[in-house]
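Residue numbers (the numbering used here): 14 to 561.
Below, the structure is given as structure tokens:
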């Protein structure tokens, strides 16, 4: 979990800095108003008692004091409103900025295996919404707690040095207990965020696989597993809330005990005639205000903990996507030759590497097929090849140039890609195919679809979000037609295929395989189908390194 004052988060909060400065200024002004309020109340009450009651008090002076006190009340109300307004605007600005940067980071690394779609959705919505507690409550109160108690302590010390000593001794105790509570809370907050993320993932996976579960009659059986996950999230939340209430009680007890010590000291010294009633009341009313900002920091810390934990996760994703990128233009490299040199990928927190010790050489015009057991790293190898995943060991070179030194956009402009689950956007068959070459006319689109065995797909057939309404085989044929248009448009030297013939009938599969053979570019494919294996110039078993 992030520290209370997370430097990375504050550095990212460029959109909120002016609001935070305003919040700090209004908080300090509110502290000044608190001192003025205590002074006015103390002298008004003392004046009443010194003159023998309300009726005996000098009316003009008493009335003027009441008007001044009313003005202070109004000023404090305005300052509190302004502080709250600017704090919430700061929170909204930071959340918007982080969401934009998070989406940009995801677009830079669309195949990032460390963050699932359900995790990302939870983070962008409920996760970052928790930053309201940090920017709207905790951070403004932290700024106030830095300056206001110190100023009040100085005034108390000048007025009564004994009370000043008590405050100077007890405030650090409150801070020490607050730090200890924060350390104890840290692990519980991390567990709570992990439980909520697991619940989001479980629910998203269940919804995605519901049709399959219904076919096999296992849909209702999954409710028990979801109930267990939900109960774990509820238990974690209740533990965090219990710790928040307990810590709040501890801080309140220490602050109350400290104020009681000051009250006893002031009471006895007033009876002894050490100072007058106005001074005693002034010190007594200021004493709680010295502890209040610090107590509120402790209370709001629990509001902020979820937000800072989510922000930490978001910043990790953003920072990972902002690693230095290459600047060498891949367009000037000529015919593509790619070499994998002992390439490995190990995602943080994973029990085993996603890819280990891959050595591979890809030459122009050849067809290389990657095979291997599920989880061996075949799709990860393709992700590394396209620059979406950075190797943790080894390196990839393109025509002798490290892939990390190439401009990612120029490198991907030389690649046509058909993924295992081809992406589709809302529109028509024609608009989705034409993404491979926006300048292609309807005849070229029709020809590409026909050569991929999709003669039955009308160009104007509508497609819903994510290709809803198309079968798995139809999606792959549309994706192959899109890749074909991209290759024929020129400038593409590498065709990357991930299970391109899965879900196709034998006749269509044969046509697609022949099409791949005729493209005349370097082909790197992942498949388990014999038809595509039959045209391979080289077959590499990922995980063992066996070649054939």
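Heads up, the beta-carbon is just placed ideally off N, CA and C, and yes, glycines get one too.
Values in this document were obtained by computation on a predicted structure and should not be read as measured data.
I'd like to know whether the C-beta atoms of residue i and residue j end up nearer to each other than 8 angstroms.
{"i": "residue 450", "j": "residue 490", "result": "no"}
{"i": "residue 84", "j": "residue 43", "result": "no"}
{"i": "residue 458", "j": "residue 474", "result": "no"}
{"i": "residue 372", "j": "residue 401", "result": "no"}
{"i": "residue 430", "j": "residue 496", "result": "yes"}
{"i": "residue 392", "j": "residue 509", "result": "no"}
{"i": "residue 290", "j": "residue 90", "result": "no"}
{"i": "residue 381", "j": "residue 518", "result": "no"}
{"i": "residue 395", "j": "residue 218", "result": "no"}
{"i": "residue 356", "j": "residue 158", "result": "no"}
{"i": "residue 293", "j": "residue 166", "result": "no"}
{"i": "residue 516", "j": "residue 486", "result": "yes"}
{"i": "residue 507", "j": "residue 427", "result": "yes"}
{"i": "residue 78", "j": "residue 56", "result": "yes"}
{"i": "residue 162", "j": "residue 307", "result": "yes"}
{"i": "residue 347", "j": "residue 143", "result": "no"}
Provide the residue span of the beta strand (DSSP E) that contains residue i, from first to last.
{"i": "residue 353", "result": "351-358"}
{"i": "residue 375", "result": "368-375"}
{"i": "residue 553", "result": "551-554"}
{"i": "residue 511", "result": "507-511"}
{"i": "residue 535", "result": "535-539"}
Go ahead and label residue i buried or exposed: buried means 16 or more other beta carbons lie within 10 angstroms of its beta carbon, across all protein chains shown.
{"i": "residue 322", "result": "buried"}
{"i": "residue 555", "result": "buried"}
{"i": "residue 254", "result": "exposed"}
{"i": "residue 138", "result": "exposed"}
{"i": "residue 454", "result": "exposed"}
{"i": "residue 367", "result": "buried"}
{"i": "residue 37", "result": "buried"}
{"i": "residue 340", "result": "exposed"}
{"i": "residue 237", "result": "exposed"}
{"i": "residue 445", "result": "buried"}
{"i": "residue 151", "result": "buried"}
{"i": "residue 72", "result": "Note on residue 72: pLDDT 48, under 50, position unreliable in the model; the coordinate value appears next. Exposed, because fewer than 16 other Cβ atoms sit within 10 Å of the Cβ of residue 72."}
{"i": "residue 185", "result": "exposed"}
{"i": "residue 259", "result": "exposed"}
{"i": "residue 270", "result": "exposed"}
{"i": "residue 536", "result": "buried"}
{"i": "residue 527", "result": "exposed"}
{"i": "residue 135", "result": "buried"}
{"i": "residue 545", "result": "buried"}
{"i": "residue 522", "result": "buried"}
{"i": "residue 148", "result": "buried"}
{"i": "residue 493", "result": "buried"}
{"i": "residue 33", "result": "buried"}
{"i": "residue 215", "result": "buried"}
{"i": "residue 155", "result": "buried"}
{"i": "residue 247", "result": "exposed"}
{"i": "residue 576", "result": "Given a span of 14 to 561 for the chain in the structure shown, any question on residue 576 remains unanswerable."}
{"i": "residue 239", "result": "exposed"}
{"i": "residue 209", "result": "buried"}
{"i": "residue 378", "result": "exposed"}
{"i": "residue 7", "result": "A query on residue 7 cannot be resolved here, the shown segment of the chain reaching from 14 to 561 and no further."}
{"i": "residue 117", "result": "exposed"}
Counting along the chain, where does the alpha helix (DSSP H) carrying residue i start and finish?
{"i": "residue 528", "result": "519-531"}
{"i": "residue 171", "result": "152-172"}
{"i": "residue 340", "result": "Where residue 340 is concerned, there is no enclosing alpha helix (DSSP H), given that its DSSP letter is neither H nor E."}
{"i": "residue 8", "result": "In this structure the chain extends from 14 to 561, so residue 8 is not present and cannot be described."}
{"i": "residue 473", "result": "Segment: none, residue 473 is in no alpha helix (DSSP H) and carries neither H nor E."}
{"i": "residue 546", "result": "543-546"}
Since residue i and residue j should fall inside the 8 angstroms C-beta cutoff, what is the C-beta to C-beta distance between them, to a whole number of angstroms?
{"i": "residue 358", "j": "residue 409", "result": "Contact flag wrong, Cβ pair sits at about 11 angstroms."}
{"i": "residue 295", "j": "residue 52", "result": "6 angstroms"}
{"i": "residue 141", "j": "residue 108", "result": "5 angstroms"}
{"i": "residue 349", "j": "residue 115", "result": "Going by Cβ atoms, the distance from residue 349 to residue 115 rounds to 33 angstroms, so no, they are not a contact pair."}
{"i": "residue 529", "j": "residue 548", "result": "7 angstroms"}
{"i": "residue 169", "j": "residue 177", "result": "5 angstroms"}
{"i": "residue 328", "j": "residue 22", "result": "7 angstroms"}
{"i": "residue 404", "j": "residue 397", "result": "6 angstroms"}
{"i": "residue 369", "j": "residue 388", "result": "With 8 angstroms as the limit, residue 369 and residue 388 do not qualify as a contact, their Cβ atoms being about 11 angstroms apart."}
{"i": "residue 480", "j": "residue 437", "result": "3 angstroms"}
{"i": "residue 278", "j": "residue 175", "result": "6 angstroms"}
Which runs of the alpha helix (DSSP H) fall wholly inside the region 378-460 and span at least 4 residues, in chain order? 391-398, 421-425, 442-446
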